[in-house]
Amino acid sequence: DGGSAPEAEALAAVTVFDPYFCEGGAVAELEALGVRRERVLNRNRDFYADIATGQLPPQYDVLLTNPPYSGDHKQRLLRFLASDGDMRGAPFLLLLPAWVCEKDYWNAFLERLATHRAAGG
(Lines of atoms letter the chains of each structure in order from A and count residues from 1; the text may use other names and numbers.)
(Lines give C-alpha, C1' and ligand atoms only; values in the text may rest on other atoms or scores of the structure.)
Protein backbone atom coordinates (compact mmCIF):
# COMPACT_ATOMS: atom_id res chain seq x y z
CA ASP A 1 0.00 0.00 0.00
CA GLY A 2 3.04 2.29 0.02
CA GLY A 3 2.95 2.93 3.76
CA SER A 4 1.78 5.94 5.72
CA ALA A 5 2.87 9.48 5.00
CA PRO A 6 5.25 9.61 8.02
CA GLU A 7 6.85 6.31 6.96
CA ALA A 8 7.25 7.52 3.39
CA GLU A 9 8.75 10.79 4.64
CA ALA A 10 11.20 8.95 6.88
CA LEU A 11 12.23 6.59 4.07
CA ALA A 12 12.77 9.50 1.70
CA ALA A 13 15.16 11.04 4.25
CA VAL A 14 17.32 7.91 4.68
CA THR A 15 20.81 7.86 3.17
CA VAL A 16 21.71 4.36 1.96
CA PHE A 17 25.27 3.30 1.15
CA ASP A 18 25.73 0.33 -1.19
CA PRO A 19 29.48 0.01 -1.74
CA TYR A 20 29.24 -2.51 -4.60
CA PHE A 21 28.23 -0.95 -7.90
CA CYS A 22 26.55 -3.22 -10.44
CA GLU A 23 25.32 -1.20 -13.39
CA GLY A 24 23.59 1.23 -11.02
CA GLY A 25 20.55 -0.99 -10.43
CA ALA A 26 20.55 -0.39 -6.68
CA VAL A 27 19.70 3.28 -7.17
CA ALA A 28 16.62 2.52 -9.28
CA GLU A 29 15.45 -0.28 -6.97
CA LEU A 30 15.76 1.83 -3.83
CA GLU A 31 14.15 4.82 -5.52
CA ALA A 32 11.18 2.60 -6.44
CA LEU A 33 10.85 1.79 -2.72
CA GLY A 34 10.76 5.48 -1.78
CA VAL A 35 14.40 6.40 -1.10
CA ARG A 36 15.32 9.62 -2.87
CA ARG A 37 17.78 8.99 -5.72
CA GLU A 38 20.26 11.57 -4.42
CA ARG A 39 20.33 9.78 -1.05
CA VAL A 40 21.52 6.47 -2.50
CA LEU A 41 25.33 6.27 -2.40
CA ASN A 42 26.15 3.64 -5.02
CA ARG A 43 29.12 4.79 -7.05
CA ASN A 44 31.16 3.09 -9.73
CA ARG A 45 34.30 3.11 -7.58
CA ASP A 46 36.70 0.64 -6.03
CA PHE A 47 35.29 0.13 -2.52
CA TYR A 48 38.54 -1.33 -1.21
CA ALA A 49 40.64 1.51 -2.60
CA ASP A 50 38.20 3.95 -1.00
CA ILE A 51 38.68 2.20 2.36
CA ALA A 52 42.48 2.38 2.00
CA THR A 53 42.46 6.08 1.07
CA GLY A 54 39.67 7.21 3.40
CA GLN A 55 37.39 8.16 0.52
CA LEU A 56 34.24 6.56 1.96
CA PRO A 57 31.06 8.58 2.38
CA PRO A 58 31.32 10.39 5.71
CA GLN A 59 27.65 10.00 6.58
CA TYR A 60 25.05 7.38 5.81
CA ASP A 61 22.16 5.94 7.76
CA VAL A 62 22.41 2.33 6.64
CA LEU A 63 24.76 0.16 4.62
CA LEU A 64 22.71 -2.14 2.40
CA THR A 65 24.42 -4.47 -0.04
CA ASN A 66 24.55 -7.77 -1.85
CA PRO A 67 28.33 -8.26 -2.12
CA PRO A 68 29.84 -10.37 -4.88
CA TYR A 69 29.93 -13.99 -3.76
CA SER A 70 33.17 -14.70 -5.61
CA GLY A 71 36.66 -14.28 -4.22
CA ASP A 72 37.08 -12.80 -0.76
CA HIS A 73 34.54 -9.97 -1.09
CA LYS A 74 32.43 -11.25 1.80
CA GLN A 75 35.41 -11.48 4.14
CA ARG A 76 36.68 -8.04 3.15
CA LEU A 77 33.25 -6.48 3.67
CA LEU A 78 32.93 -8.06 7.11
CA ARG A 79 36.42 -6.84 8.04
CA PHE A 80 35.36 -3.33 7.02
CA LEU A 81 32.14 -3.51 9.02
CA ALA A 82 34.02 -4.79 12.08
CA SER A 83 36.89 -2.33 11.82
CA ASP A 84 37.34 0.30 14.50
CA GLY A 85 37.15 2.93 11.79
CA ASP A 86 33.68 1.91 10.69
CA MET A 87 32.00 0.87 13.92
CA ARG A 88 29.94 4.04 13.77
CA GLY A 89 26.77 2.37 14.93
CA ALA A 90 25.05 2.63 11.55
CA PRO A 91 22.93 -0.42 10.86
CA PHE A 92 23.78 -2.69 7.96
CA LEU A 93 21.83 -5.21 5.93
CA LEU A 94 23.69 -7.85 3.94
CA LEU A 95 22.31 -10.33 1.46
CA LEU A 96 24.61 -13.32 1.83
CA PRO A 97 24.32 -16.99 0.95
CA ALA A 98 23.18 -19.17 3.87
CA TRP A 99 26.45 -21.12 3.92
CA VAL A 100 28.32 -18.01 5.10
CA CYS A 101 26.97 -18.58 8.63
CA GLU A 102 29.01 -21.79 8.76
CA LYS A 103 32.29 -20.00 8.07
CA ASP A 104 34.88 -19.07 10.69
CA TYR A 105 35.11 -15.52 9.31
CA TRP A 106 31.37 -15.01 9.96
CA ASN A 107 31.66 -16.19 13.57
CA ALA A 108 34.73 -14.00 14.11
CA PHE A 109 32.78 -11.04 12.72
CA LEU A 110 29.84 -11.68 15.06
CA GLU A 111 32.17 -11.96 18.07
CA ARG A 112 33.92 -8.69 17.21
CA LEU A 113 30.61 -6.95 16.62
CA ALA A 114 29.16 -8.21 19.92
CA THR A 115 32.30 -7.16 21.81
CA HIS A 116 32.18 -3.70 20.27
CA ARG A 117 28.47 -3.25 21.02
CA ALA A 118 28.89 -4.53 24.60
CA ALA A 119 31.60 -1.91 25.11
CA GLY A 120 29.09 0.79 24.22
CA GLY A 121 29.97 1.16 20.55
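Numbering-wise, this note's numbering comes out as the position in the sequence shown, counting from 1, plus 1. Using N, Cα and C, we set each Cβ at its ideal position, and we do this for glycine too. Everything numeric in this text was worked out from a predicted model, so none of it was measured.
How long is the line joining the alpha carbons of residue i and residue j, rounded to whole angstroms?
{"i": "G35", "j": "Y21", "result": "20 Å"}
{"i": "T66", "j": "E8", "result": "22 Å"}
{"i": "N108", "j": "C102", "result": "7 Å"}
{"i": "S5", "j": "W100", "result": "37 Å"}
{"i": "T16", "j": "A29", "result": "14 Å"}
{"i": "A14", "j": "A33", "result": "14 Å"}
{"i": "P69", "j": "Q56", "result": "21 Å"}
{"i": "A91", "j": "C23", "result": "23 Å"}
{"i": "H128", "j": "Y106", "result": "What the structure shows of the chain is the stretch from 2 to 122, and residue 128 is not part of that stretch, so it cannot be assessed."}
Taking 9 Å as the threshold (C-beta atoms), are residue j and residue i in contact?
{"i": "A64", "j": "L94", "result": "Before going on, a small fix: residue 64 reads as Leu here, not Ala. Closer than 9 Å, so yes."}
{"i": "D83", "j": "R113", "result": "Sequence check: residue 83 is Ala here, not Asp. Taking 9 Å as the Cβ cut-off, A83 and R113 qualify as a contacting pair."}
Since I believe residue j is in contact with residue i (beta carbons under 8 Å), could you give me their beta-carbon distance rounded to a whole number of angstroms?
{"i": "L42", "j": "P58", "result": "5 Å"}
{"i": "Y61", "j": "F18", "result": "4 Å"}
Is residue i helix, strand or coil by DSSP?
{"i": "V101", "result": "helix"}
{"i": "T16", "result": "coil"}
{"i": "F22", "result": "coil"}
{"i": "L64", "result": "strand"}
{"i": "L57", "result": "coil"}
{"i": "L95", "result": "strand"}
{"i": "R113", "result": "helix"}
{"i": "D51", "result": "helix"}
{"i": "Y106", "result": "helix"}
For residue i, which residues does DSSP report across the bridge?
{"i": "V41", "result": "V17"}
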